[in-house]
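One structure below.
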Amino acid sequence: MANIVRAIGDRSIRAYIDPERGTVSRELYVNDDIFAQELEQIYQRCWLLLGHESQIPNPGDFVVTRMGTEEVLMVRDRKDHKIRAFLNSCRHRGMKVCRYDEGNTLVFTCPYHAWTYDTKGKLVGVGFGNYANAYTDTLPTGSEEWGLVEVGQICNFYGSIWATWDPKAPSFQDYLGPFAESLRHCLQSSDGEDAGLEFFTPFQRHRIPTNWKVPGFTSVTDLTHTAMTHRSAQAAGLHEDRGTGKETAKPFPQEKYAIGDHNLGHGGMCTFYDQLGVPDYANEWFEPGVDDYFRAQTERKKLLIADRIMPPHGWGGGHFAIFPAVMVDSWRIRYYHPHETGITERWSLFGVDKNAPDHVKDAVRHYAERFNGPVGFFESDDMENWNYVFPASQGATARKYDYFYRNGLGHGKYDDRLPGVVVNGSYTEEAHRARFSRWLAFMEAKSWDDLYPLNKSANHNIWPGVDGQASAKA
Amino acid sequence: MVNVGGKQTMLEDLILQHELEQFCYLEARLLDERRLTEWLDLLSEDLDYWMPMRRNIKFGDWDKEFTDHHKEINWFDETKDIIAGRIRQINTGVHWPEEPVSRFEHLITNIEVVSEDADGIRVNSKFHVYQNRLQDEINQWVGRREDLLRRDPDTKFKVVKRKIILAQNVMLPKVVNTFF
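Quick mapping for you: the protein sequence lines, in order, are chains A and B.
Counting from 1, position 429 in the first sequence corresponds to residue 429 in my numbering; the numbering is continuous, with no gaps.
So the number in my numbering is just where the residue sits in the second sequence, counting from 1, plus 474.
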């Protein structure tokens, strides 16, 4: 475990956040020591998103993905067809054993000395292994131990594939806590079928010159940025809601909140539904026939969950985030991989109903391509803001002035509908603060034993003023 | 140079090559001089403007290199309407990655006339797009284009199809807010 950073003025890591003032030091975003420590304390322990099973449907299929700064191979085994994940680094000298983005293979052979691994990660051959005294035997002694480094745990959650390096981490279900049902809901097709989405290939991957927490923490649940950041898209009539023929939805009892789980770090802009069933479909697509499809799907979904209340989830351009940096709304998953203190790679996956007709898939794909990422109408504006907060926060002067995270501080309430989650006004920074509660817990924890939910009595909420149940102050 | 129509004289070929070069240079100049709505007028109403993503592939797996135009995620997959929307957005003056406005330079080279038939004229070219903005931000895109142009009484040619082949895997510039 890395040592706790004691950087400027010998501050403990806790002193970088001032809960009473509602502020966070810029050091969290610009300090290389803190970044290095995050890779140990957060990225070595948390469950991270690898991708989706639909990217590797056949035995022997693989795709190169990432866990933080490191490349990981997500592979479907040729024999048992299970999905496994390995560090893309040969055990001999550390060369990448795979340099293709994706494909189908029998084995991964390192281009350096031909160390060769099967799709279970097992070392099955080495170059010159049959020569006298080479490697002592035909394979290195104890070759069972010299397989590719495998993740500590892996989980297929309704088609989405997640992994953690830490074998002692809680199960992914427990890691999600009350958000499990929300994530499950977002991975359903529009008629409510579980794991009913497939995801367009490939990943949309692009670099953003900023710290990973800028988009990962601050911008995933940031309703106050929309009007200013996205002014140009609004002014040019490029509405994110996709269609000029957008209808106003029929009233359906619901409440919209910024929510944050301070123990788990998840949260976002979520709608809570106050009535059984599913709201009526409202038109929103330009392309002919697409609304007809989604209306019919909605009618099927109504029948399927008529007697239940839908789990809270993102709404109309809203989304929630799974700690540390996965942003989820229905059918769209965007996540952030740290590269360096000031360089982040953003990956996006765009889902569509597996069984949708081609004209619907085309419309969804076009929306994905045109609104998202570095070319996207909407997100290109985000990139500029996310980029330039970094150099403008980095200077010796700038880094002495803390960021304001006080918006709505003290007005949150616990809510029985999502136990443990603090609910606050939709334009507040409740979700941001929950992220910092969890961030600090990870940065201080010696192991998962200190962290919720393995430590059931932990209360990681550092911020004052939550009504109802006890806050960390109590 | 090819005898594209099969019946032109060498002089006609030279004139066509010259006209196409002038058209490519005009496009570049309009883009660099921020005359985007004039550039838009050089695109046909049935435009198909496509920039696929490019995979790292095994030698020989050529059919897997580019993302499928109609089934996968591409960088650009545009109609003229969508490009018009992008231009409206830049011209609002509040599109932050292009405000303050950038200094773009589009260098177009290797202009080759491939063929001419009833569909139009197929022209290949290469580009090096340089963007300099604010104090020290530099972004560059290098690649080639495979165009289908149609003769036009007003603008001489219109772009009907453009496949933009970018020499890039992960998109390294944070924003792509120019055209190619």
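Positions of the beta carbon are idealized from the N, C-alpha and C atoms, including for glycine.
Please read all numbers here as calculations on a predicted model, not as lab measurements.
Pick from B/Leu516, B/Ile531, B/Asp537, B/Cys498 that is closest to B/Pro627, judged by C-alpha positions | Indexing the second sequence from 1 puts residue 627 of chain B at position 153. Of the listed residues, the one whose Cα sits closest to B/Pro627 is B/Leu516.
Cα-Cα, which of A/Arg399, A/Ile333, A/Ser393 is closest to A/Cys186?
-> Translated into the one-based positions of the first sequence, residue 186 of chain A becomes position 186. It is A/Ile333.
Taking A/Leu50 and A/Ala85 to be in contact with their CB atoms under 8 Å, please state how far apart those CB atoms are, rounded to whole angstroms.
-> In the first sequence, the residue the question calls residue 50 of chain A occupies position 50. In the first sequence, the residue the question calls residue 85 of chain A occupies position 85. Confirmed, about 6 Å.
Listing by chain order, which chain A residues have their CB less than 8 Å from the CB of B/Pro571?
-> Position 97 of the second sequence, counting from 1, holds the residue named residue 571 of chain B. Per Cβ cutoff of 8 Å: Ser380, Asp381, Met383, Glu384.
Residue from A/Glu53, A/Gln188, A/Asp80 whose Cα sits closest to the Cα of A/Leu73 = Residue 73 of chain A sits at position 73 when you count from the first residue of the first sequence. That would be A/Glu53, whose Cα lies nearest to the Cα of A/Leu73.
Proximity below 8 Å, CB of A/Met383 to CB of A/His319 | In the first sequence, residue 383 of chain A corresponds to position 383, counting from 1. In the first sequence, residue 319 of chain A corresponds to position 319, counting from 1. In this structure, A/His319 does not lie closer than 8 Å to A/Met383 by Cβ.
With 7 Å as the C-beta to C-beta threshold (strictly closer), list the residues of the stretch 60 to 72 of chain A near chain B in chain order.
-> none
Can you list, in chain order, the residues of the stretch 604 to 624 of chain B whose Cβ is nearer than 7 Å to any Cβ on chain A?
-> none
State the DSSP-derived secondary structure class of A/Gly342, mapped to helix, strand or coil.
-> Locating residue 342 of chain A in the first sequence gives position 342, where the first residue counts as 1. The answer is coil: DSSP assigns A/Gly342 none of H, G, I, E or B.
Whether A/Gly260 touches A/Val421 by CB criterion (8 Å) = To locate residue 260 of chain A, count along the first sequence from 1; it is residue 260. To locate residue 421 of chain A, count along the first sequence from 1; it is residue 421. In this structure, A/Val421 lies closer than 8 Å to A/Gly260 by Cβ.
With 8 Å set as the bound, which would you pick, yes or no: does the beta-carbon of A/Gly103 sit closer than that to a beta-carbon of chain B?
-> Here the question's residue 103 of chain A lines up with position 103 in the first sequence. Yes, its Cβ sits closer than 8 Å to a Cβ of chain B.
Measuring CB to CB, does A/Glu255 end up less than 8 Å from A/Asp280?
-> Taking the first residue of the first sequence as 1, we reach residue 255 of chain A at position 255. Taking the first residue of the first sequence as 1, we reach residue 280 of chain A at position 280. In this structure, A/Asp280 does not lie closer than 8 Å to A/Glu255 by Cβ.
So the alpha helix (DSSP H) A/Val360 belongs to, where does it begin and stop?
-> The residue you call residue 360 of chain A lines up with position 360 of the first sequence. Residues 358 to 371.
Proximity of B/Asp621 and B/Lys600 at Cβ, strictly below 8 Å = As a working mapping, residue 621 of chain B is identified with position 147 in the second sequence. As a working mapping, residue 600 of chain B is identified with position 126 in the second sequence. No, the Cβ-Cβ distance between B/Asp621 and B/Lys600 is not below 8 Å.
Local Cβ density within 10 Å of A/Glu429, reported as buried at 16 or more and exposed below that = Here residue 429 of chain A refers to the residue found at position 429 of the first sequence. So A/Glu429 counts as buried.
Length-filtered (3 minimum) beta strand (DSSP E) runs lying within the stretch 522 to 557 of chain B = 550 to 552
Chain B within 8 Å of A/Asn88, Cβ atoms only | Here residue 88 of chain A is taken as the residue at index 88 of the first sequence, counted from 1. So no, A/Asn88 is outside the interface.
Reference B/Ile547, options A/Asn58, A/Ala195, A/Arg205, A/Val151, closest by Cα | Numbered from 1 along the second sequence, position 73 holds the residue referred to as residue 547 of chain B. Comparing Cα positions, the closest option is A/Arg205.
Contact set between the stretch 511 to 524 of chain B and chain D, restricted to residues whose Cβ is under 7 Å from the partner | Note that chain D does not occur in the displayed structure, where the protein chains are A and B.
A/Gly177 burial status per 10 Å Cβ neighbour count (16 or more: buried) = Taking the first sequence and counting its residues from 1, one reaches residue 177 of chain A at position 177. Buried, by the Cβ-count rule.
Looking at the structure shown, is A/Met1 part of a helix, part of a strand, or coil, going by DSSP?
-> Position 1 of the first sequence, counted from the start, is the residue given in the question as residue 1 of chain A. Any reading at A/Met1 must be qualified, since the residue scores a pLDDT of 41, below 50, and its modelled position is unreliable; the value itself is stated next. Residue state, collapsed to three classes: coil.
Spell out the partners DSSP gives A/Asp28 in its beta bridges.
-> Along the first sequence, read from residue 1 onward, the residue named residue 28 of chain A stands at position 28. It is Leu, not Asp, that sits at residue 28 of chain A in the sequence shown. According to DSSP, which records beta bridges pairwise, A/Leu28 is partnered with nothing at all.
Near A/Phe323, which residues of its chain fall below 6 Å by C-beta distance, leaving aside the five closest residues on each side in sequence?
-> Here residue 323 of chain A corresponds to residue number 323 of the first sequence, with the count starting at 1. Hits under 6 Å: Gly265, His266, Arg438.
Would you decide whether A/Val290 is buried or exposed? Buried here means 16 or more other CB atoms lie within 10 Å of its CB.
-> Your numbering for residue 290 of chain A matches position 290 in the first sequence. So A/Val290 ends up on the buried side.
What residue ranges within the stretch 553 to 595 of chain B form continuous alpha helix (DSSP H) runs of no fewer than 4 residues, ordered along the chain?
-> 554 to 564
Enumerate in chain order the residues of its own chain whose CB-to-CB distance from A/Tyr158 is below 8 Å, with the five nearest sequence positions on each side excluded.
-> In the first sequence, counting from the first residue as 1, residue 158 of chain A sits at position 158. Within the same chain, A/Tyr158 has close Cβ partners Leu183, Arg184, Leu187, Gln188, Asp194, Ala195.
Name, going along the chain, the residues of the stretch 548 to 560 of chain B whose beta-carbon falls closer than 8 Å to a beta-carbon of chain A.
-> Asn548, Trp549, Phe550, Asp551, Glu552, Ile556, Gly559, Arg560
Along chain B, which residues have their Cβ under 7 Å away from the Cβ of A/Val238?
-> Locating residue 238 of chain A in the first sequence gives position 238, counting from the first residue. Sequence check: residue 238 of chain A is Leu here, not Val. Under the 7 Å cutoff, chain B gives Gly559, Gln563.
Contact set between B/Leu646 and chain A, taken where Cβ atoms lie within less than 8 Å = As a first step, residue 646 of chain B is located in the second sequence; it is residue number 172 there, counting from the start. The contacting residues are His206, Arg207.
Nearest-angstrom Cα distance between A/Tyr336 and B/Ser518?
-> The residue labelled residue 336 of chain A in the question sits at position 336 within the first sequence. The residue labelled residue 518 of chain B in the question sits at position 44 within the second sequence. Distance between the alpha carbons of A/Tyr336 and B/Ser518: 38 Å.
Based on the DSSP secondary-structure assignment, which residues constitute the bridge partners of B/Leu640?
-> Mapped onto the second sequence, residue 640 of chain B falls at position 166. B/Leu640 pairs with B/Gly617.
A/Tyr117 versus chain B: which residues are under 9 Å apart at the beta carbon?
-> As a first step, residue 117 of chain A is located in the first sequence; it is residue number 117 there, counting from the start. Within 9 Å Cβ-Cβ: nothing; A/Tyr117 doesn't reach chain B, min ~17 Å.
Should B/Phe570 and B/Met645 be called a contact, given that it needs their Cβ atoms to be closer than 8 Å?
-> Your numbering for residue 570 of chain B matches position 96 in the second sequence. Your numbering for residue 645 of chain B matches position 171 in the second sequence. It is Trp, not Phe, that sits at residue 570 of chain B in the sequence shown. Contact: no.
Three-state secondary structure (DSSP) at B/Cys498?
-> Locating residue 498 of chain B in the second sequence gives position 24, counting from the first residue. If DSSP states are grouped into helix, strand and coil, B/Cys498 belongs with the helices.
A/Arg91 versus B/Val649: straight-line alpha-carbon distance, rounded = For the purposes of this step, residue 91 of chain A is taken as the residue at position 91 of the first sequence. For the purposes of this step, residue 649 of chain B is taken as the residue at position 175 of the second sequence. Distance between the alpha carbons of A/Arg91 and B/Val649: 37 Å.
Check whether A/Arg300 and A/Leu276 have beta carbons under 8 Å apart = Reading the first sequence from its first residue, position 300 is the one you call residue 300 of chain A. Reading the first sequence from its first residue, position 276 is the one you call residue 276 of chain A. No, these two residues do not count as a Cβ contact at 8 Å.
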